[in-house]
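Line by line, the protein sequences are chains B and H.
According to this note's numbering, the first sequence holds residues 2 to 895 in order.
According to this note's numbering, the second sequence holds residues 43 to 141 in order.
Every residue gets a Cβ at the ideal spot worked out from N, C-alpha and C, and that includes glycine.
Quick caveat, the model's predicted, so the values are computed rather than measured.
Take a look at the structure set out below.
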Amino acid sequence: MPFNILVLACLLYVALLFVLAAWAEGKSGRGGAGILRSPLIYPLSLSIYCTAWTFYGAVGNAARSGLEFITIYLGPTLVFVGWWWVLRKLVRIGRVQRVTSIADLLSSRFGKSNLLGILVTLIAVTAATPYIALQLQSVTQSFGVFANQTPEVWTLEGRGGAAVWVAAGLALFTILFGTRNLASNEQHHGIVIAIAFEAVVKLAALLAVGVYVVFVLGGGPSAVAARIAAVDLDSWQPDPSRWTALICVSAAAIITLPRMFQVMVVENIDETHLARASWAFPAYLFLMSLFILPIAVVGMEKLPNANPDMLVLTLPLTQGQGALAMLAFLGGFSSATSMVIVETIALATMLSNHIIMPLWIWARPRAALRSDLRAWVLRARRLSIIGVLALGLGYFHLSGGSGALAAIGLIAFVGMAQVLPAVLGGIFWRGASGVGAVMGMVAGLVIWAYTLFLPSFGVGAALPAFVFDEGLFGLSWLRPNALFGSEGMDPLVHSIFWSWAVNITLFCLGSLFTFPGPVERVQGAAFVNVFDEELAAERLGWVQGQAEPEALLNMAQRIIGEDFAISLFEEAARSQGKQGYLPDLTPDFLANLERRMAGNVGAATAHAMISQLFGRAMVTVEDLMAVASETAQILEYSTRLEHQQEEVSRTARALREANEKLTAISVQKDAFLGQISHELRTPMTSIRAFSEILTEDGLPAEKVAEFGRVIHAEAARLTRLLDDLLDLSVLENGTVQLTIGTARLGTMIDRALAAASQTRAERHFDIQREPFDEEIYLRTDEGRLVQVFINLISNARKYCEANHPKLRIAVRQKGARVVVDFIDNGAGIPKDQQGIIFEKFARLSDTAAVGGAGLGLAICREIMATLGGTVTYLPGQKGAAFRVSIPLRIGQST
Amino acid sequence: MPQRRQPLFLARASYRKRRLRDGARLLPIFGALVLCMPLFWPSTSAQIVAHWLFVFGAWAGLIGLAGALSRGLSDADTSSREQGDISPALPPRDDLDEL
């Protein structure tokens, strides 16, 4: 079979993969994920567990140690058959917490600790590098088989060149379809379809070779069985410790290998696919393993000197079955490439998320805020992909492409298995802590490196020979193959046992003796109790799963208003080409809705609400904290608003009162001006009229004199009025000058009576006084007080219409005050008018107006206020009664 | 502590569903025991075919059982989703595992 045709077929196959991946990407991009949703794709994509190590190495393994190869597939079978225990929980957690890798899972579980992320990433890269080298090696070896039917003759340079080309092609493919965009869920539909297709190719190839070997070369099943029974090899006896250890470690590997986690958890698009994979994937492994032993037995018989790792290829080739050999080659090629692609993506995700981006943000915090992070993440991913492949290539060159394939694979398994205690502890034990996880993992890793990884380079290569003989620092219990004196154990079992024992012990101790932070504790509860919500909801008959557009519309209406929500949904449905009000829940639409809702309830709350309905994404701790702080902000804001509101209403009340006062004052002023003009107008009118008459000629002299008297009286009245006004204004402004002195009350009343007797002097008043009571000396402004008395007495004289008018003046001392009552025996003042008599121009009737402007009592009130006393009307005295209350000494308020 | 008690016994369908889950949990343990059986047999070269047949037979049996269980479990899943209406009440967190 010409080598060139092989290369051509290989290139065609790769081109087919590219087209397939591009088609799937395009299809999923348009939303039609029909074939992706097929439940077959998921178990097929899981088949990346079967790498070139399975495809070529299993036969080699079977040739060397019989049935033992099968343990590598029994472990995963048990894990998948028991999916209800671990995988179901992992897949659910992966969805709910939006986990992007195994490193992210642990970092997220243990309080978003990036230290754990870095640690797991480093373990994964260390374990995966030889594994990737192994894939490159198998591809170049298979090329070598075709190039020169005996791989040993193919020069190392030629192999290296092929490896470089293969690595470059893989890098291109992975970058093209692994970093096309930055999906939040880290799903890569193109790649999943491509590896599913490759899964079919490798299964078909291995089955075809198996059928050919059993039925054509071997002469039927029973003949092959006879040959197997005839093999007599001591190494074919199953060793119980290796058997169980390998089942355990392969079971651990299927959970923890980065590529398995990627397809199993991250790329899972429907949890129900897991139920089908629980038997479909074991069935795939079953079929892959079915013919391994017959191929090994028949191959060893036909080609006793050939490399057993290449029997799948060399057997058909030497028998002249070119087409079958080509199929087998493509099967091996598929196994290697699909593993490398997915492993590279998984590692690149970890490297960029946990190492490169944190470093970059730490180094350039400003740029991280400004520039487009997505572009940077994609760049970091691409760089990581190239870096991972370069590491694998470097390892391949360094190791010289030597070593049995199976050994390298197992070493990687055991290394990655150090993550398992933390994973299982993290999802089943709330008390598991990050400190414990780190301690356990570091210790397990050290023991793994010391007992398995470093010795795998050979005695004297990575570890000096004396360490193997005498132990580290000459301590015999530290020999890499006999830790703590455990001699005679198989090296692999020895390493698995001790690394896990120490790992688990430290993990438990570390968890028991530390106290995790709040985020870690909340995350622990969220991980361990991820199904509680569902269990409880199931009992309540709660509909689980993805949000219906109706439920979303219902919620949106409550938040952004009915009309707005309906028009938003209708618009979205129309833009998707749908009738009615219910659009498909595309990410765009949801993001838009979330933004609208965020405007009403805050971003975090909106996100949490939509997450609750959509998908099973749960509210994370960060979300809750953001909600809490938003709520706090809103609370604070509303409190502030309340305060401002109170202040505003206080101010408004004050303003209203001020306004009322001003209005009242303005009304008073208008009334006052009206009264003043009226009062001034009346005497003015008569003065004008009489002076006009005086200008006429021929008036008798007595008339002239009479009119002159009238004019004089009116002018006097005007003057009095103006005096009163002036007096009142002075008193009201508080600018009055008081002449304080000591005076006897009786004297002041005498003076007032004498002065007031001028008013209606024709009337005789009977004045009743108690001279003994009036023997009180006051310290006050005598003149002003007398003015008040005059006013009150004059009023009585003016208005008391009794036939025998009487005025009683009663004086009493009450504490530091003196009370003087002026009581006449007139009609008194009607009750409804008692309130206004002290107002300006308040005159009860015009008929009684005798030379007064109605300012008298107003002036009295002002004077008494100035003197620190009061003047009030005293009702119920059978006549008009006024009470004047004066402090004994001015300035004493009581 | 006052709490809402659930009925002590479940309806037949729910009871079946729970037992199916128990089966799914027990299957890997049972499988592990069966797959370790060859270790207890005297191993001679002639026995290797018998081992081979036993392991593959057990393997096929496990796959078949897992298939049957997964069908039952996903049926149970869908039927539980169909019954009942949306109730926004908060689920109580206690007594989740009564039988």
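In terms of residues, what are the limits of the beta strand (DSSP E) holding residue i?
i                       : result
aspartate 240 (chain B) : It is not in any beta strand (DSSP E) - aspartate 240 (chain B) carries neither H nor E in the DSSP assignment.
arginine 770 (chain B)  : 767-770
Apart from the five residues on each side of it in sequence, which residues of its chain come closer than 6 Å, Cβ to Cβ, to residue i?
i                        : result
glutamate 199 (chain B)  : Ser335 and Ser339
isoleucine 248 (chain B) : Thr72, Leu75 and Gly76
threonine 127 (chain B)  : none
glycine 300 (chain B)    : Leu312 and Leu316
lysine 807 (chain B)     : Asp767 and Asn826
Could you give the DSSP three-state label for residue i: helix, strand or coil?
i                           : result
alanine 891 (chain B)       : The sequence shown places isoleucine at residue 891 (chain B), not alanine. Looking at isoleucine 891 (chain B) - three-state DSSP - the assignment turns out to be coil, as it is neither helix nor strand.
phenylalanine 883 (chain B) : strand
leucine 484 (chain B)       : strand
phenylalanine 700 (chain B) : Here residue 700 (chain B) is leucine; the residue named in the question, phenylalanine, does not match the sequence. The answer is coil: DSSP assigns leucine 700 (chain B) none of H, G, I, E or B.
glutamine 577 (chain B)     : coil
arginine 431 (chain B)      : coil
leucine 479 (chain B)       : strand
serine 896 (chain B)        : Examination of residue 896 (chain B) is not possible in this model, given that chain B is present from 2 through 895 alone.
histidine 93 (chain H)      : helix
tyrosine 800 (chain B)      : helix
lysine 662 (chain B)        : helix
serine 758 (chain B)        : coil
threonine 122 (chain B)     : helix
isoleucine 505 (chain B)    : helix
histidine 189 (chain B)     : coil
arginine 596 (chain B)      : helix
tryptophan 377 (chain B)    : helix
alanine 837 (chain B)       : Looking at the sequence shown, residue 837 (chain B) is not alanine but isoleucine. If DSSP states are grouped into helix, strand and coil, isoleucine 837 (chain B) belongs with coil.
arginine 367 (chain B)      : helix
phenylalanine 773 (chain B) : coil
lysine 28 (chain B)         : helix
Determine which residues share a DSSP beta bridge with residue i and list them.
i                       : result
threonine 781 (chain B) : B:Gly742
tyrosine 874 (chain B)  : B:Phe883
Assuming residue i is part of the alpha helix (DSSP H), what are its boundary residues?
i                           : result
valine 531 (chain B)        : First-last for valine 531 (chain B): undefined, no H or E at that position.
alanine 463 (chain B)       : No alpha helix (DSSP H) holds alanine 463 (chain B); DSSP gives it neither H nor E.
tyrosine 57 (chain B)       : Run containing tyrosine 57 (chain B): none; DSSP gives neither H nor E here.
isoleucine 357 (chain B)    : Where isoleucine 357 (chain B) is concerned, there is no enclosing alpha helix (DSSP H), given that its DSSP letter is neither H nor E.
tyrosine 57 (chain H)       : 54-77
proline 77 (chain B)        : 72-82
isoleucine 49 (chain B)     : First-last for isoleucine 49 (chain B): undefined, no H or E at that position.
arginine 228 (chain B)      : 222-231
alanine 866 (chain B)       : 857-867
phenylalanine 454 (chain B) : No alpha helix (DSSP H) holds phenylalanine 454 (chain B); DSSP gives it neither H nor E.
alanine 418 (chain B)       : That residue, alanine 418 (chain B), is in no alpha helix (DSSP H); it is neither H nor E in DSSP.
serine 109 (chain B)        : 103-110
glycine 95 (chain B)        : 88-97
Please work out which residues of its chain come closer than 8 Å, Cβ to Cβ, to residue i, disregarding the five sequence neighbours upstream and downstream, and give them in chain order.
i                    : result
valine 460 (chain B) : Ala466 and Phe469
Apart from the five residues just before and just after residue i, which ones in its own chain have a Cβ nearer than 7 Å to its Cβ?
i                          : result
threonine 506 (chain B)    : none
proline 283 (chain B)      : Thr78, Phe81 and Val82
proline 152 (chain B)      : Residue placement at proline 152 (chain B) cannot be trusted, given a pLDDT of 45 that sits under 50; the coordinates are not used to answer.
alanine 753 (chain B)      : Val787, Phe790, Ile791 and Ile794
cysteine 11 (chain B)      : Phe334
phenylalanine 70 (chain B) : Ala59, Asn62, Ala63 and Ile293
alanine 169 (chain B)      : none
valine 232 (chain B)       : Val298
tryptophan 83 (chain H)    : Gln89
methionine 749 (chain B)   : Glu783, Leu786, Val787 and Phe790
Within the 8 Å Cβ cut-off, does residue i reach chain A?
i                    : result
glycine 99 (chain H) : The structure shown contains no chain A; its protein chains are B and H.
What residue ranges within the segment 804-835 of chain B form continuous alpha helix (DSSP H) runs of no fewer than 4 residues, ordered along the chain? Segments of the alpha helix (DSSP H) lying fully in the segment 804-835 of chain B: there are none.
If we require 3 or more residues per run, which beta strand (DSSP E) segments fall completely within the segment 270-338 of chain B? Correct list: empty.
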